[in-house]
Each structure stands twice: as C-alpha cells, then as structure tokens.
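Right, one structure below, let's go through it.
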Amino acid sequence: MSHCGILKWCRNAHRLVGRYSPKARVIVFTNDVPRIKLECPRADVLPFEARLVESASRFDAANPTPENSFCPSHTLLKWQIVQPQLGGQETILYLDADVDADVLHLDDWPRSRILELMANFTDDPCRLRATPDHSSPLNTGLMLVKPSAELYFEGVTLIETLRFNVTHGFNLSGMLQATVRRPRKAVKQAKGWWRDTWDFICGAGDQGLFTTVFMARHEFFCMPSWGNRRHFGMRPALLHYWGPQSKPWHSPYAARKCPAYFSFVREKGIPHDTPCARKLHKMRPADRQKRDDGFVGRRVPYSRCEGKQQYIF
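Counting in the working numbering, the sequence shown runs from 72 upward without gaps.
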C-alpha cells in the first residue's frame, strides 16, 4: 500500500494547522476518495477536477516518459492545488504525502515568526516558493503557493496541447536556459539546468509543468531566504522521503533505519483499525535506546532516515 504515508501526513497537517492557523483547512486531493477518507477522516478529501484528470491521462498516453524523468504518470494531477478552492485561501502550504513535518518539535518554530513569514509571502509578488533539487529546477514536494484561476487554466491548456519533448518542454515552449531568464544560483546547480534539458526528474510531469508556468512563462518563483536561519537557531526543515526505497512505510530497509517515523502510531486520535494503520503497526521497529542522546520513541533522532531535508522558510 504505497499510499500509507497519508496516515502520518494527516496527523502532521492537523498539528500544523492547530498551532499556526486554526481556521485553515486540511485538504487532500485524490483519485480514491473513500480509501483516503478512511485513513484521514478529519480532512477535506476531494477528487481531482474531471477536466484535469482527462487532460493528464491523454498527455501521459501521448508522451512516453523521458529517459531521466523517473516520474509516475499521475503527477500532473498535482496542478490541482493551483486552482482556488472554496473559502478562497490566499496561501496554500503544500506537502507531498511523503513529506514528514514531525522531524522538528513545533516548539522549535516560533508561532509569531512563522505567521510573519507567511504574511510576507502573501504580500510578495512571488506566487510559488520552493527549492530546486539535484535534478529539477523546482521540487514540488514542499511548496507555498498562491492559487490563481488564470494560472490554473493556463497550465491545463498546456497539458491539453499534448505536446512535449526533452529539448523544448511543454507545448515546445523553448529550451530551459532560454525560457528561464533570471534563475537563482541554486537553480543553476540542478542537472536539468546545466544540461539545458527538460529531461529531468518529472520534467514531463508536475515539476516540468510548475517550472514552465512559474519560472519560464512568468517570473513568479522564489526561494526560502537563507537569512531566516537567525530567527530559529536552526532552519525549520521538513524531511522528504524521495524515491520508493527511502519511504519507511514502503520499504522494510527504510523502516529499520527510521524507527522515529513510526512513533506516532500509538497516539490518541490516530486510526488503529484501517489498512494503513495495521500495516504501520506491523512494520514498526522495536524502540531501542540510543547511546548518543538517551531518547527513545518519538524523540529518536531522524539522522539515519533516508529522506532529504527540505526548507520552505
């Protein structure tokens, strides 16, 4: 059950909302509403828009996955978060289901400072804040996004052209370095950039589409400020379990290396009789005393986990 990261994702999402924005909604988009609602009963579990589903399906059929893309066919559906939802949220904090927000105690994140940084983003011309990764100019696993109906339909229209190649991208818009005019220094370190190709991880999927709209067609992309380190003592990082072998709920090897991931399963309010809950209880490694810091259970360090640290502030 590769979707079982959703169990902890929901628990973390409600904790973040409770601390920083009690009136915010926790929303999950999925193509299997009943199954996800079972695992995440307190969230608003919504289906993807029918037009987006149809367009993405036709695009995937027309464009075989490029050599270096390594991208599941469903990732274009992530574009749904750009469409404004009921309630008209000004800002969405988006986390993939394989992003773990439990790696730092919430007490380490001053509430007033987090709210200030969120307000600064709301007032900024930037419409998407994220970071590059080793391959893509823009990693879509963790983002701050300002929804826009205009940008949403622009992206859907690009998908509906069904045109893509690794040299000129979506709708054959142009080579990467020619279309992204003022890239940040960190963007230039991504393999896709210095090879000047759209053949990067999910270049024909969500990461290529977000790069096209927010970086190439519009200059709406920004990155977290390194200067924010002074406000926290350490930067508030989340852990992104890239790839199937790094996900603790997906790989016995990763589970053994990351026992801290499973510490939430016995908490009050966590579903205990769902398919994913039963799976995680079965995979959960036994607590072990750690010689380096003496903590067990929830406070076992995440240092041996296979995920990558990712920042949003």
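The beta-carbon is built from N, C-alpha and C at its ideal position, and this holds for glycine as well. Just so it is clear, the structure is predicted and the values come from calculations on it, not from any experiment.
Distance from the CA of serine 73 to the CA of proline 346, rounded to the nearest whole angstrom, comes to 11 Å.
Ranked by Cα distance from aspartate 171, the first of Ser334, Pro93 and Gly340 is Ser334.
Between aspartate 267 and glutamine 248 a beta carbon distance of about 5 Å is seen, short of the 8 Å cut, so the two are scored as contacting. According to the DSSP assignment, proline 118 belongs to no alpha helix (DSSP H) but to the beta strand (DSSP E) extending over 115-118.
Around the beta carbon of glycine 89, fewer than 16 other beta carbons sit within 10 angstroms, so the residue counts as exposed. By alpha-carbon distance to proline 315, the top candidate from Leu309, Ala325 and Pro307 is Ala325.
Shown here for cysteine 273: same chain residues with a beta carbon closer than 7 Å to its own, the five before and five after excluded, namely Ser140, Cys142, Thr146, Ser207 and Gly279 in chain order.
Across the set Ile98, Leu117, Val97 and Trp150, the C-alpha of Leu117 shows the shortest separation from the C-alpha of valine 104. If you compare the alpha carbons of Leu186, Thr211 and Cys376 with that of tryptophan 320, the shortest gap goes to Cys376.
When the Cα atoms are used, glutamate 138 and asparagine 102 turn out to be separated by approximately 27 Å.
Under the DSSP definition of a beta bridge, cysteine 293 partners with Arg200. Taking C-beta atoms under 8 Å as the contact rule, glutamine 380 and alanine 331 fail to qualify, at a distance of about 14 Å. Each of Glu290, Phe100, Glu120 and Lys108 was checked against the Cα of tyrosine 165, and the nearest Cα belongs to Phe100. Shown here, methionine 354 sits in a helix according to DSSP, grouped into three states. In terms of Cα proximity to alanine 127, the closest of Asp167, Leu233 and Phe224 is Leu233. For phenylalanine 281, the uninterrupted alpha helix (DSSP H) segment begins and ends at 277-282.
Going by DSSP, glutamine 380 is part of the beta strand (DSSP E) stretching over 379-382. Distance from the Cα of phenylalanine 281 is smallest, within the candidate group Arg198, Arg349 and Cys329, for Arg198. Residue pairing by DSSP places aspartate 171 opposite Leu310 in a beta bridge. Where threonine 101 is concerned, the enclosing beta strand (DSSP E) starts and stops at 98-101. Take the alpha-carbon of tryptophan 264 and the one of arginine 106: they are about 39 Å apart.
C-alpha of glutamate 225 to C-alpha of isoleucine 341: approximately 39 Å in a straight line. Serine 317 sits buried, since 16 or more C-beta atoms from the chains shown fall within 10 Å of its C-beta.
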